[in-house]
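Undergrad: Take a look at the following structure, please.
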């Protein structure tokens, strides 16, 4: 029985690093689980994700690309189709890859999906006609995406903050009545802290990630609000979460929208004796 939908439990059923639009808006999750289980049924979903401080996240992605990652197999399905090459040009020759790319080159590709990645992956892209940019004021488009990302974040059963891993773990465990067998903070190491960035590069990183910076600031405030509620009404919320899980019409399915590149393995962290 499937209870956790993630790359380590079900594989990339909705595409490599699928975003909110691909997972939820397109209905891919239901289709894939119906196919996998050979039946149609009503399921109750709990979406989860982690956010990360945008500057560190961007540098971490740059380091990952510099080492050879491109995610060229990502589909970016929206409104039933993948974007055309005109809508989403590549920053590199697909036959050569982007290994050893300099930070300056990485910053100067206008089509780089690393820019505001967290906002884009959490937003409903159908609200802005997916990846098509003709006829849309960029400022209006950006505000629509940001407000959509904020709304979807509010509606998630849980989200964590990478810089607050211990608090995030406590919140997850109390909400879902599940326990991890290791501390999540042990998986929070990153190479972004040892990357040399000059003032001009830092300015460009901030400029290219303005939406993510605003989203992260909003997420921190929302996180603090939720954390305070759990701490102040701990027993009530634990009882409510437990009843919520028992009331589910079928198995509990938890999704991770992968926004970070220093991620933990859910199959290693979740204790098998705590997942019933």
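Residue numbers (our numbering): 37 to 312.
Beta carbons are placed, not taken as given, at the ideal position from N, Cα and C, and that holds for glycine.
Please read all numbers here as calculations on a predicted model, not as lab measurements.
Identify every run of the alpha helix (DSSP H) within the stretch 155-225, keeping only runs that are complete inside it and at least 4 residues long; order them along the chain.
TA: 174-191, 201-212
Undergrad: Within this structure, are the beta carbons of residue 127 and residue 114 separated by less than 8 Å?
TA: no
Undergrad: Would residue 285 be called buried (16 or more neighbouring beta carbons within 10 Å of its own) or exposed?
TA: Any reading at residue 285 must be qualified, since the residue scores a pLDDT of 44, below 50, and its modelled position is unreliable; no value is offered.
Undergrad: Going by other Cβ atoms of all chains shown within 10 Å of its Cβ, with 16 needed for buried, is residue 96 buried or exposed?
TA: buried
Undergrad: If you follow the beta strand (DSSP E) that residue 87 is in, where does it begin and where does it stop?
TA: 80-87
Undergrad: Does the stretch 180-187 come into contact with the stretch 156-164, if we say contact requires no fewer than three beta-carbon pairs (one atom in each stretch) closer than 8 Å?
TA: yes
Undergrad: Kindly indicate which residue of 234, 236, 199, 112 has the alpha-carbon position closest to the one of residue 222.
TA: Ranking the options by Cα distance to residue 222, first place goes to 199.
Undergrad: If you scan the stretch 119-155 from start to end, which runs of the alpha helix (DSSP H) of 4 or more residues do you find wholly inside it?
TA: Listed in chain order, the complete alpha helix (DSSP H) runs (minimum 4 residues) inside the stretch 119-155 are 139-143.
Undergrad: Quick check: the Cα distance between residue 107 and residue 52, rounded to an integer number of angstroms?
TA: Going from the Cα of residue 107 to the Cα of residue 52 covers about 7 Å.
Undergrad: What's the gap between the Cα of residue 217 and the Cα of residue 138?
TA: 39 Å
Undergrad: Inspect the beta-carbon positions of residue 155 and residue 185 and report whether they are closer than 8 Å.
TA: yes
Undergrad: Beta-carbon within less than 6 Å of residue 148's beta-carbon, same chain only, minus the 5 sequence neighbours each way: which residues are those?
TA: 127
Undergrad: Counting only the same chain and skipping the five closest in sequence on each side, list residues whose C-beta sits under 7 Å from that of residue 231.
TA: 95, 99
Undergrad: With a threshold of 16 other CB atoms inside 10 Å of the CB of residue 112, please say whether the residue is buried or exposed.
TA: buried
Undergrad: What whole-angstrom Cβ distance do residue 65 and residue 50 have, given they're in contact under 8 Å?
TA: 7 Å
Undergrad: Can you tell me whether residue 75 is buried or exposed, with buried defined as 16 or more other CB within 10 angstroms of its CB?
TA: exposed
Undergrad: Under three-state DSSP, which class holds residue 40?
TA: strand
Undergrad: With a threshold of 16 other CB atoms inside 10 Å of the CB of residue 135, please say whether the residue is buried or exposed.
TA: Exposed: under 16 other Cβ atoms inside 10 Å.
Undergrad: Under 8 Å, do residue 157 and residue 248 count as touching if we go by C-beta distance?
TA: Going by C-beta atoms, residue 157 is not nearer than 8 Å to residue 248.
Undergrad: Of the choices 140, 42, 48, whose alpha-carbon is the least far from that of residue 237?
TA: 140
Undergrad: Classify residue 114 as helix, strand or coil using the three-state DSSP reduction.
TA: strand
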